[in-house]
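Numbering (the numbering used here), first residue to last: 19 to 199. Ideal Cβ placement from N, Cα and C applies to all residues, glycine included.
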Amino acid sequence: MDHRKETIVKEITYWKHNKLLPTQYGDFLLALYTEGEDKSAPNETSTYQTRHKENIVTFVFFIMNLLLLPLSFLVIYFTEMGIIMQTGLLSIFVGIAYTSSRYRFTNDLLIRRMLDFLILILLLTLTIHVISYMTSSKIIVYWAITIHCFVWMILGTIKKAVYLLMFGFLGLTALAILITL
19 MDHRKETIVK EITYWKHNKL LPTQYGDFLL ALYTEGEDKS APNETSTYQT RHKENIVTFV
79 FFIMNLLLLP LSFLVIYFTE MGIIMQTGLL SIFVGIAYTS SRYRFTNDLL IRRMLDFLIL
139 ILLLTLTIHV ISYMTSSKII VYWAITIHCF VWMILGTIKK AVYLLMFGFL GLTALAILIT
199 L
């Protein structure tokens, strides 16, 4: 195999390894450029086992992050900790959700979007908690929720993320219903 084909095979292997190219396409291109003599190509069972392990790890990360939301409500409403301790724990929860979404889920777009939304919900919860502790005025809490929803809508417009626009609008609608009740 000449130098040009070796370079192409290395690039295809890199794309396949980093999930920039679907596995079937990568296998096809590798078979095409190596003329069916690729010794480094993994067999089908090891590829399946690797994908299965990745799916399990992804599921565990997702469930752990999903459990942070109920834990944050538990910290706020059912503990006798001071405001600084509660705020610190909620900030740690937001940091964990952010770090794990950036570290683990760089390739899975749906889960990354869900975790980004979870981070925004945790941040909203933290903001509401701090504001409601510092002041007893519901109007200030309503304004904080309104600002958060508008920030979500602005981020949705900038990032072209329809789900952020939708949840920002739903948040404003729910707030309007809550105020009128």
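Measure the C-alpha to C-alpha separation of residue i and residue j and round it to an integer number of angstroms.
i	j	result
residue 42	residue 79	27 Å
residue 30	residue 48	7 Å
residue 172	residue 181	12 Å
residue 159	residue 72	41 Å
residue 94	residue 37	40 Å
residue 142	residue 44	42 Å
residue 39	residue 105	43 Å
residue 178	residue 147	30 Å
residue 192	residue 70	40 Å
residue 154	residue 174	31 Å
residue 77	residue 161	36 Å
residue 176	residue 136	19 Å
residue 89	residue 107	10 Å
residue 35	residue 25	15 Å
residue 184	residue 112	22 Å
residue 188	residue 199	17 Å
residue 97	residue 75	31 Å
residue 50	residue 33	15 Å
I need the boundaries of the alpha helix (DSSP H) containing residue i, first residue and last residue.
i	result
residue 182	180–198
residue 37	Neither: residue 37 is in no alpha helix (DSSP H) and is coded neither H nor E.
residue 54	Per DSSP, residue 54 belongs to no alpha helix (DSSP H) and is neither H nor E.
Would you mind working out which of the options sits nearest residue i, comparing C-alpha positions?
i	options	result
residue 139	153, 154, 151, 186	186
residue 149	102, 197, 36	102
residue 52	99, 22, 35, 76	22
residue 54	27, 178, 184, 192	27
residue 194	155, 152, 111, 164	164
residue 197	184, 183, 157	157
residue 144	75, 92, 33	92
residue 152	190, 100, 199, 110	100
Stretch-stretch touch, CB-based, cutoff 8 Å, three pairs: the segment 111–120 with the segment 157–168: no
Using 8 Å as the threshold, is the segment 131–144 in touch with the segment 83–94, meaning 3 or more CB pairs across them? yes
Ranges of the alpha helix (DSSP H) found wholly within the segment 82–154, counting only runs of at least 4: 86–95, 101–121, 127–152
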